[in-house]
Amino acid sequence: MSSFATLARFSDPVRIVLVGAGAMGANWAKVIHETAETRLAGVVDITAGAADKLLTALKIEDVPTRTSLADFESFGLDYDAVINVTVPEAHKAVITEGLQRGKAVLSEKPLAPTVTEAWSLAAVAAVSGTLLMTSQSRRYFRGLTAFKRSVKALGPVGILTNDFFKAPHFGGFREAMADPLLVDMGIHPFDAARFILDDEPVSVYCESFNPSWSWYDGDAAATALFTFSTGSRFRYTGSWCSPGSETSWNGSWRASSEAGTVLWDGEGPPTSTDTTVPELDPLEREEISGALDEFVRALRTGAEPSGIADRNLMSLAMVEAAVTSNRRGELVHLIDILTAARDEAILATTNKAERSWLAGALPAR
Ligand SMILES: NC(=O)c1ccc[n+]([C@@H]2O[C@H](COP(=O)([O-])OP(=O)(O)OC[C@H]3O[C@@H](n4cnc5c(N)ncnc54)[C@H](O)[C@@H]3O)[C@@H](O)[C@H]2O)c1
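Here you go:
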């Protein structure tokens with residue numbers, strides 16, 4: 001169980017500095033601004049003018065902007081927490097700076113580009129007693145919550161599947177990445193599988209490839225089979241270059257148990273002929289609003305959020321294990337990925353307390 005500073009140190013509403021004023025930063029600024037429990041205390045972006053441009057586009061006034069957190073503080077501006085929405089390569093530096101300034105941090109996924117960096121960040125957070133949470137926004141869907149409850153009602157899961165077929169033309173970095181589907185998108189269903197099953201994966205076999213007509217440089221299609229600790233299997237098949245009869249962005253889910261099956265199309269309510277499916281809760285906020293609510297609740301109560309860094313790094317490890325399995329052409333054990341990354345993180349720090357925390361850290365549950 002992690003422990004971190006709670007309400008006593010945080011004002012009401014929680015004052016948040018948004019770092020990263022790009023496409024996703026605009027969504028975050030709007031949500032922080034419109035949420036009663038939070039206040040947008042500032043916007044930071046390394047590119048001069050980007051933060052002002054974002055605020056002007058959203059018609060949000062009287063919010064200070066800077067090009068660094070250091071600059072923000074040197075003007076005597078105070079705040080409680082940082083929301084990091086920078087590009088993944090900048091996550092480690094931005095998150096570390098926020099934590100070292102004593103601020104709770106909510107970061108966009110992925111926590112870091114590698115599991116090693118994610119371990120380092122988890123260690124900085126744990127040693128400083130400051131909350132670091134990843135916003136894994138696809139955990140927060142009313143349909144997903146209802147799907148999970150229905151699945152639980154049917155008892156242990158034999159096979160959980162997710163099928164994801166879309167054909168987006170993003171342009172930009174995704175089309176140039178080595179493993180765009182697994183690295184940029186796969187983390188969502190992998191993380192959701194852990195949430196649905198309330199269990200952790202132990203191994204994976206994965207094959208990824210790039211269909212001949214793909215407009216991506218790297219592999220845009222993959223199938224991965226994970227074995228979880230209780231024996232459940234999770235089979236993911238996805239493609240980013242499959243036009244026609246596309247699935248939702250959450251993909252199409254099926255959970256098969258001894259007592260029956262539950263289906264979820266990733267958009268509406270789940271369906272089952274074998275169990276009662278609960279009503280969707282209209283008060284449950286979805287996507288990044290849901291992540292923000294869990295973050296604020298954690299700061300107020302000390303309740304450990306599902307995306308706390310040292311647990312969320314297992315979702316990142318699932319991605320790294322799947323990519324490794326494809327490269328090696330063999331089954332990969334999650335413990336090997338987690339241990340090797342943890343050992344590298346120990347070597348990467350000179351901070352004694354962080355080394356000691358890492359040495360004693362169990363790889364998730
Ligand atoms: N949850 C989701 O569904 C979802 C969707 C899209 C993006 N994302 C995530 O959001 C993050 C941002 O993605 P995006 O599409 O907005 O990227 P983007 O390139 O549009 O914006 C990133 C911004 O960060 C700024 N930046 C870079 N380094 C910085 C630093 N050191 N300090 C301050 N600012 C810095 C850039 O100038 C840019 O304005 C990524 O981690 C991405 O994976 C999540």
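Sequential numbering of the sequence shown, starting at 1, is according to UniProt numbering.
Don't be surprised by glycine CBs; every beta carbon is placed ideally from N, CA and C.
| Asked | Found |
| --- | --- |
| Minimum C-alpha distance to E37 - residue among R15, A112, D310 | R15 |
| heavy atom of ligand 1 below 6 Å from P88 C-beta | yes |
| For D71 and G186, the rounded distance between their alpha carbons | 36 Å |
| Assigned secondary structure, D163 (DSSP; H/G/I helix, E/B strand, else coil) | strand |
| Among T301, P189, G302, R194, nearest to S248 - alpha-carbon criterion | P189 |
| Distance between beta carbons of R139 and F195, contact taken as under 8 Å | 5 Å |
| Cβ pair R300, D293 closer than 7 Å | no |
| C-alpha gap between A364 and T56, whole angstroms | A caution first: A364 carries a pLDDT of 47, below 50, which makes its placement in the model too unreliable to give a value. |
| heavy atom of ligand 1 below 6 Å from S248 C-beta | no |
| Chain C within 7 Å of S272, Cβ atoms only | Judged by its chain identifiers, the structure shown contains no chain C, having just a single protein chain. |
| heavy atom of ligand 1 below 6 Å from I46 C-beta | yes |
| Rounded Cβ spacing between A222 and G238 (contact assumed at less than 8 Å) | 6 Å |
| In DSSP terms, what N84 is bridged to | V19, S107 |
| V82 beta carbon near ligand 1 (any heavy atom closer than 6 Å) | no |
| Own chain, CB closer than 6 Å to W103, minus 5 neighbours either side, in chain order | Here the sequence assigns Lys to residue 103, which means Trp is not the residue at that position. Hits under 6 Å: A81, V82. |
| G20 versus D191: straight-line alpha-carbon distance, rounded | 24 Å |
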